[in-house]
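Engineer: When we follow the numbering used here, the leftmost residue of the sequence shown carries the number 301, and every step to the right adds one.
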Amino acid sequence: MQFGRAKSEMTANREFDELAAEFEAKGWHREAELLKRFPRTAWDDQLVKGMFIAAVSVRDISRAEKVAQQLVKFAPENPFAYLALCLVKLKQGQTVEAAKAFDRALHFASTFPTYRAQKIHWLCLQGKLDEARQILRDTMKEYADRWEVQRARAHVLVSSEWQAASGVKRAIELLERLVRLHPDDPITHALLAQAIWRDEGRGARDEGKERQRVASSEWRVKRKRVMEHLRLMAKNLPPLNFTDVDAFIAWQVANQTLAECFRWLKPNWLLERILVRWLPPRYFAAVGILWGTVAVLLAIAKLFLPPTLFALLVAVASLAFTYNRFSAPLLIWLLARDGK
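#1: On the DSSP letters alone, give me the boundaries of the alpha helix (DSSP H) that histidine 407 sits inside.
#2: Hey, would you say the C-beta of glycine 592 is under 7 Å away from at least one heavy atom of the ligand NAP?
#3: Smallest Cα separation from lysine 428: which of Val596, Val576, Glu560?
#4: Measure the C-alpha to C-alpha separation of tryptophan 497 and leucine 383 and round it to an integer number of angstroms.
#5: Are there three or more Cβ pairs, one per stretch, closer than 8 Å when the region 564-578 is compared with the region 601-616?
#6: Can you list, in chain order, the residues of its chain whose CB lies under 6 Å from that of alanine 547, leaving out five sequence neighbours each side?
#7: On the premise that alanine 554 lies in contact with isoleucine 632, defined as a C-beta separation below 8 Å, what is that separation, rounded to the nearest angstrom?
#8: Quick check: the Cα distance between leucine 474 and glutamate 365, rounded to an integer number of angstroms?
#9: Using DSSP with H/G/I as helix, E/B as strand and the rest coil, what is leucine 540?
#10: For proline 339, which of helix, strand or coil comes out of DSSP?
#11: Exposed or buried, what is isoleucine 487 when buried is set at 16 or more other beta-carbons lying within 10 Å of its beta-carbon?
#12: Using 8 Å for Cβ pairs, my map puts lysine 635 next to leucine 530. What's the rounded Cβ distance?
#13: Beta carbon of alanine 454, beta carbon of leucine 491: below 8 Å?
#14: What is the DSSP secondary structure of alanine 375, reduced to helix, strand or coil?
#15: Can you tell me whether arginine 437 is buried or exposed, with buried defined as 16 or more other CB within 10 angstroms of its CB?
#16: Using a Cβ-Cβ cut-off of 6 Å (strictly less than) and excluding sequence neighbours within five positions of alanine 586, which residues of its own chain qualify?
#17: Report yes if the C-beta distance between valine 456 and alanine 493 is below 8 Å; otherwise report no.
#18: Three-state secondary structure (DSSP) at alanine 585?
#19: What residue range is occupied by the uninterrupted alpha helix (DSSP H) comprising arginine 451?
#20: What is the rounded straight-line gap between the Cα of glutamine 392 and the Cα of lysine 400?
#21: Would you kindly work out how many angstroms separate the C-alpha atoms of alanine 628 and arginine 523, rounded to a whole number?
#22: Would you please state the rounded distance, in angstroms, between the beta carbons of proline 581 and phenylalanine 542? I believe it to be under 8 Å.
#23: Just reading off the alpha helix (DSSP H) that glycine 350 is part of, what are its end residues?
#24: Is it right to say lysine 419 is buried, meaning 16 or more other beta carbons lie within 10 angstroms of its own, or is it exposed?
#25: Work out the CA separation of arginine 625 and alanine 559 for me, nearest whole Å.
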């Protein structure tokens, strides 16, 4: 298996180098030099590679442009999508549009490791740890020195090593280094709080052990550390809006951590873990559809239920909505105020 994987990596690298050599042969020396800085992991995506080759190989220019535009829609964070569009625009003689597409390709080439790290966080939030590990392995081959990738690695360790003390210990050591380098990063503080809490909570499965753990002075010190990181997490969280995926990931990691540290938030996280499979703005559309459906069901129930029972259902639904949408943000607000 290892030999086969190494062979496929060599094939991908050769294809990448052949593409750069083709640029050189056409006289695009600057573009060929910049292409060498493109992330190889972005080229390893088989569907992206296939659509890229189709876009630059099709003789029908209008059809080639359609394929390139489809590729941009399919993989908007992949630099090779915009590179394909650039090459098609060059064939059409639209040099200004080609230059714009190439600038976009360069932008996403520089931000690609950050995008991959965010995708790992997103998969961890959904509990898709096997997929997260695979993307992490591929990303570490090229970007092991990037702090965002190391932070994503810590998230995988914290999420998947509940039974293995060494995994959480490694995550704590890694996150403590990262928090010294990036003291204002909310995700690092959230993951460190989560890792410390999980590390200390390991093995406390019965009430007697739980009481003994809480009573220990060491646990009180660690709980104080957890609360300090939660305050710093809350203080540094970015404003949440309908389109900012980075802010959305940070808030969901915060929600995951709060559910880990505060038992009364666990049911809320079970619902959020289902909804988090959609990124903004689709996430907010899913939330609207969920509670809109609840409202429609209540309207239907009003036709068949006695007033007292209907009023009880409305009260329960209102409490559930308030708990789901406002409990975690309110706690984050209180933590942020407490940290001032």
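Beta carbons: idealized from backbone N, C-alpha and C, even for Gly.
Structural biologist: With the structure as the only source:
#1: 395-426
#2: Because no ligand of any kind appears in the structure shown, any question about the ligand NAP cannot be addressed here.
#3: Val576
#4: Within the model, the alpha-carbon separation for tryptophan 497 versus leucine 383 is close to 45 Å.
#5: no
#6: Pro538, Leu540
#7: 6 Å
#8: Glutamate 365 has its alpha-carbon roughly 45 Å from the corresponding atom of leucine 474.
#9: coil
#10: coil
#11: buried
#12: In the sequence under discussion, the amino acid at residue 635 is leucine, which differs from the lysine named in the question. At roughly 5 Å, the Cβ-Cβ gap stays under 8 Å, so leucine 635 and leucine 530 are in contact.
#13: yes
#14: DSSP places alanine 375 in coil when its eight states are reduced to three.
#15: Taking a 10 Å sphere around the C-beta of arginine 437, we find fewer than 16 other C-beta atoms and assign the residue as exposed.
#16: Contacts found: Leu575, Trp578.
#17: no
#18: In the displayed model, alanine 585 falls within a helix according to three-state DSSP.
#19: Counted as a single uninterrupted DSSP element, the alpha helix (DSSP H) harbouring arginine 451 occupies residues 447-460.
#20: In this structure, the alpha-carbon of glutamine 392 lies about 14 Å from that of lysine 400.
#21: 19 Å
#22: 5 Å
#23: 346-357
#24: buried
#25: 14 Å
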